[in-house]
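Read the structure below first, then the notes.
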Amino acid sequence: MKKILLLLALICLLNPKTILGQSAIRTAANFLSIAPDARAAGMGDVGVSTTADANAQHWNVAKYIFAESNAGISLSYTPWMRHYVNDINLGYLSGYYKFDDNQSISASLRFLSNGDVYVRSDFEPLQLSNNANELAFDLGYSRQLSDKFSAGIELRYIRTVKGAEQGKALFASGFAGDVALYYQSPLSLLDNPTTLAFGLNISNIGTKIANHNESSYFLPTNLRLGGSLTMNIRNNHQLAIAADINKLMVPSPTVNEDGTINSNADKSMFGALFSSFSDADGGFKEEIKEISLGLGVEYKYLETFAVRGGYFYEDTQKGMRRYFTFGCGYSFKLITLDVSYLSTYSGVNHPLDNTFRFTLSVNLSELK
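Set out below in structure tokens:
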């Protein structure tokens, strides 16, 4: 029974635009939307404009140009949905290298093991699958366009495995890409050196994905826009405040005259991108409800110890993800360890409650 409930939870909660009702929408490869690292997760899933680290590949690849280190690598682990089961795990490996002050390359590998789940096609009986998993491999390139502005692109291969049938794997694959921009400028705030930054990332622009004999679904194409202020206080203290807004660029389902639901899955990729801002049955009011918000704060002492907090809000009709996040980090020479914790308050038995994330990062430029 827990496995069946988990499937419903995955459908309804992994996708920020999914609800149980006439506005329900289904997308493929929703694991791409999960925050993979502990630092950003501890700040309310905020990361498009924060200072660059090795995990910028997920949030904004253009940030790598302004990273203090010339190279870095990071490994993250998340025991996912432990509120329900104990065999779903998300792993994320990410790294980058700066050729010079103007160019960088990066790569990442994301793997979600779904453990043992029950699956079925159409009206067939439930079958146990012990080989369900999803992965994505990314390659990124970023370039500095001016002393304050940079841009980046990513290419992504995606594969989902639902299980096996008669010894043959049931899998689907697709390709996607990201386009990212980043701007930062120094200023003085309360007589303290401060950096003002803005970021934009349109992620998962790509092909539809079909699994086995099922229909094709859009990837969770997402527009993320945000800003941050990072203040250095008396050289020993650093305080950062950041905010991100998100809008899925996927068609909203509409209700036909006969009461049936039209998922609008027949739209082209670019048609879906542009129509996603004005296609909701509820008009502009419903489009606003499709925007989620993340707020985060980070305090660092001597670039060694960090404490973080955050808040994520999503409308109750568009996914109902509402939670507080907390985190901390400690750096010793070239190694940094970050931990985060998520606590929901939506008033329901939420599968994301009590989620921990762990990230180990290495500053490769410090290796001698």
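According to my numbering, the sequence shown holds residues 184 to 551 in order. Note that CB positions come from ideal geometry on N, CA and C, so glycine has one too. Just so we're clear, the structure is a prediction, and the values are computed from it rather than from any experiment.
- Put simply, of Asn272, Ala319, Val433 the residue whose alpha carbon is nearest the alpha carbon of Asn405 is Val433.
- Using a C-beta cut-off of 8 Å, the segment 414-428 makes no contact with the segment 451-467, since fewer than three inter-stretch Cβ pairs fall below that distance.
- The count of Cβ pairs closer than 8 Å, one atom from the segment 536-545 and one from the segment 513-523, reaches three, so the stretches are in contact.
- Distance check between Leu292 and each of Thr233, Tyr365, Leu328, Gln240 places Gln240 closest, using alpha-carbon atoms only.
- Distance from the CA atom of Pro369 to the CA atom of Val231, rounded to whole angstroms, is 18 Å.
- With a cutoff of 8 Å on beta-carbon distance, Ser289 and Gly323 are scored as near each other.
- The C-alpha of Trp242 is placed about 14 Å away from the C-alpha of Ser333.
- According to DSSP, Asp361 shares a beta bridge with Glu337.
- Approximately 6 Å separates the beta-carbon atoms of Thr413 and Thr234; this is inside 8 Å, confirming the contact.
- Under the three-state reduction of DSSP, Asn415 is assigned to strand.
- In this structure, the straight-line span from the alpha carbon of Tyr496 to that of Leu476 is close to 5 Å.
- Pairing Ala359 with Thr390, the inter-Cα distance amounts to about 6 Å.
- Of the other Cβ atoms in all chains shown, 16 or more fall within 10 Å of the Cβ of Gly278; this residue is therefore buried.
- A direct Cα-Cα distance of roughly 21 Å separates Gly492 from Ser257.
- In the three-state DSSP reduction, Arg265 falls in the coil class, being neither helix nor strand.
- For Asp284, the closest C-alpha among the options Val545, Phe460, Leu328 is that of Leu328.
- Excluding its 5 nearest sequence neighbours in each direction, Phe381 has C-beta neighbours in its own chain below 6 Å: Ser232, Tyr366, Gly410, listed in chain order.
- Cα atoms of Ala223 and His533: separation of roughly 21 Å, rounded to the nearest angstrom.
- Take the alpha-carbon of Thr499 and the one of Ser398: they are about 27 Å apart.
- Residue range 286-296 is occupied by the beta strand (DSSP E) that includes Leu292.
- Counting along the chain, no alpha helix (DSSP H) covers Phe214, and no H or E run does either.
- In the three-state DSSP reduction, His241 falls in the helix class (H, G or I).
- DSSP places Ser475 inside the beta strand (DSSP E), whose first and last residues are 474-484.
- Nearest in C-alpha terms to Pro376, of all of Tyr494, Leu422, Leu408, is Leu422.
- Residue environment: Ile341 is assigned as buried (16 or more neighbouring CB atoms within 10 Å of its CB, all protein chains considered).
- If you look at Ala463, you'll find it isn't in any alpha helix (DSSP H); DSSP assigns it neither H nor E.
- Taking C-beta atoms under 8 Å as the contact rule, Glu481 and Met226 qualify, at a distance of about 6 Å.
- By the Cβ neighbour-count rule, Gly466 is exposed, with fewer than 16 other Cβ atoms within 10 Å of its own.
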